[in-house]
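Novice: Residue numbers for the sequence shown follow our numbering, so the first one is 251 and each next one is one higher. The beta-carbon is built from N, C-alpha and C at its ideal position, and this holds for glycine as well.
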Amino acid sequence: MAAAPESPSPIAGPRGGVDLGGTKIQTVVVDEHHEVLGQARRPTPTSGDPLGVATELAACMRDAAQDAGVATSELAHVGVGSPGSIDARAGTVSSASNLPGWADLTYELGPVLAEELGAAVALGNDVQVATDAEVRLGAGRGYRSVLGVFWGTGVGGGIVFDGQAWHGQGGAGEIGHVCVQMHDGLRCPCGRRGCMEAYAGRGAMERRARELHGEGAETKLLKIVRKRKRDRMTSGVWAKALKHDDPLAQRLIRDAVTALGAGVASVVNVLDIEVVILGGGLGVRLGEPYAERIAAAMAPHLFNDDRPPPVRVAELGDLGGAIGASLLTPHARA
Numbered sequence: 251m252a253a254a255p256e257s258p259s260p261i262a263g264p265r266g267g268v269d270l271g272g273t274k275i276q277t278v279v280v281d282e283h284h285e286v287l288g289q290a291r292r293p294t295p296t297s298g299d300p301l302g303v304a305t306e307l308a309a310c311m312r313d314a315a316q317d318a319g320v321a322t323s324e325l326a327h328v329g330v331g332s333p334g335s336i337d338a339r340a341g342t343v344s345s346a347s348n349l350p351g352w353a354d355l356t357y358e359l360g361p362v363l364a365e366e367l368g369a370a371v372a373l374g375n376d377v378q379v380a381t382d383a384e385v386r387l388g389a390g391r392g393y394r395s396v397l398g399v400f401w402g403t404g405v406g407g408g409i410v411f412d413g414q415a416w417h418g419q420g421g422a423g424e425i426g427h428v429c430v431q432m433h434d435g436l437r438c439p440c441g442r443r444g445c446m447e448a449y450a451g452r453g454a455m456e457r458r459a460r461e462l463h464g465e466g467a468e469t470k471l472l473k474i475v476r477k478r479k480r481d482r483m484t485s486g487v488w489a490k491a492l493k494h495d496d497p498l499a500q501r502l503i504r505d506a507v508t509a510l511g512a513g514v515a516s517v518v519n520v521l522d523i524e525v526v527i528l529g530g531g532l533g534v535r536l537g538e539p540y541a542e543r544i545a546a547a548m549a550p551h552l553f554n555d556d557r558p559p560p561v562r563v564a565e566l567g568d569l570g571g572a573i574g575a576s577l578l579t580p581h582a583r584a
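(1) I'd like the span of the alpha helix (DSSP H) that includes Gln276, first residue to last.
(2) Taking the straight line between their C-alpha atoms, what separation do you get for His551 and Ala506?
(3) Buried or exposed: where does Arg560 fall if 16 or more other Cβ atoms within 10 Å of its Cβ makes it buried?
(4) Rounded to whole angstroms, how far is the Cβ of Thr294 from the Cβ of Leu349, which I believe are closer than 8 Å?
(5) Could you check whether the segment 563–572 touches the segment 516–533, counting it as contact only if at least three pairs of C-beta atoms, one from each stretch, sit closer than 8 Å?
(6) Let's see if you can read the secondary structure: which residues bound the beta strand (DSSP E) around Gly266?
(7) Can you look up Asp337 in the DSSP assignment and give me helix, strand or coil?
(8) Identify whether Glu256 lies in helix, strand or coil by the three-state DSSP scheme.
(9) Would you mind reading off the limits of the alpha helix (DSSP H) that contains Val563?
(10) If you reduce the DSSP assignment to three classes, tell me which class Arg291 lands in.
(11) In three-state terms, what does DSSP make of Ser344?
(12) What are the start and end residues of the beta strand (DSSP E) that includes Asn375?
(13) Cutting at 6 Å between CB atoms, please list the residues of its own chain near Thr356, excluding the five before and the five after it.
(14) Which of the three DSSP states, helix, strand or coil, is assigned to Leu436?
(15) What separation, rounded to the nearest whole angstrom, lies between the Cα atoms of Gly466 and Ala512?
(16) Within a Cβ cutoff of 7 Å, which residues of the same chain sit near Leu502, ignoring the five residues on either side of it in sequence?
(17) Among all the DSSP beta bridges, which residues are the ones paired with Ile409?
(18) What first and last residue would you give for the beta strand (DSSP E) that runs through Val430?
(19) CB-CB under 8 Å to Thr469, same chain, minus the five flanking residues each way: which ones, in chain order?
(20) Could you check where the alpha helix (DSSP H) with Gly511 kicks off and where it finishes?
(21) Start and end of the alpha helix (DSSP H) containing Ser485?
(22) Buried or exposed: Leu301, going by 16 or more other Cβ atoms within 10 Å of its Cβ?
(23) Where do the N-terminal and C-terminal ends of the beta strand (DSSP E) with Ile425 fall, by residue?
In structure tokens, the structure reads:
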């Protein structure tokens, strides 16, 4: 295994990081050694428009700054990991289908936040920045080619080649939209059919669970949601249902693992990477037993089945995306 890339010089002063997910907004303030000085979390809005999401995001970043004892204007910069297609130089996010009102438009998230927070803002893809953080600080240390698989509201991917993040034209790593069912596939949140995310994304799994429950399938999922006073089936809700051997939860998770095995193996066949890192809300919550199940589901589909890549659980946990976002560097504007 080749040596890991050298880390860049530390940035002086505290900086902010934001992980913008389909279920939650997680923010941190870290120091030059990546130690967390303050943190905050808020639910992601389920309705409205990108401005409403940006407003909530800015409020959550202010919460973390207050927890750290600083003002947002004192931060060296704020990095944001967002779903969708990212234009880092323009500061825009496009086609973020898991966020309200964002599926079919481009929004200048960077400039809006910079004005709100009084600090420079850098944007990156949410899964890519979390993957980069794992390569520098977590489960990906020591590897030069990495595939991050973040199993949460959707299924996102991050790619590192030769120690460098691969962004493509701004939309690289969308492994959730690898086709795993050629004919009569389930409808994906992106609008297409047969995508891996249509079977394994938590949002799609919840829609399927509610449909099947309406058709008479027995499940404790909705009871757990009500008891926890949630409006969505979070990773904790799924974990609780699995713990109680809920038949519908087990069925849908089994389908998700099967889809992940086929989809991730297909990407590995193309990229021939050294390690797969499993993160995201469900990936981290379900942990090592499910990393092993996904590895087993990959095995029948791998071309180089004599040397399968290990599947490792992300070490940075729920804060990995926000810490990874804090590693971003703002682009100079013309």
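Specialist: From the atom records:
(1) Element bounds for Gln276: not the alpha helix (DSSP H) but the beta strand (DSSP E), Lys274 to Val280.
(2) 16 Å
(3) It should be pointed out that residue 560 corresponds to Pro in this sequence rather than to Arg. Exposed, because fewer than 16 other Cβ atoms sit within 10 Å of the Cβ of Pro560.
(4) 7 Å
(5) yes
(6) Arg265 to Leu270
(7) strand
(8) Confidence is the limiting factor: at Glu256 the pLDDT is only 43, short of 50, which leaves the residue's position unreliable and the question unanswerable from this model.
(9) Note, Val563: premise wrong, no alpha helix (DSSP H); beta strand (DSSP E) at Val561 to Val563.
(10) strand
(11) strand
(12) Val371 to Asn375
(13) Thr342 and Ser344
(14) coil
(15) 29 Å
(16) Met455, Arg458 and Ala459
(17) Leu397
(18) No beta strand (DSSP E) holds Val430; DSSP gives it neither H nor E.
(19) Ala459, Leu462, His463, Ala491, Asp496, Pro497, Leu498 and Ala499
(20) Pro497 to Leu521
(21) Ser485 to Lys493
(22) exposed
(23) Careful: Ile425 lies outside any beta strand (DSSP E) and carries neither H nor E.
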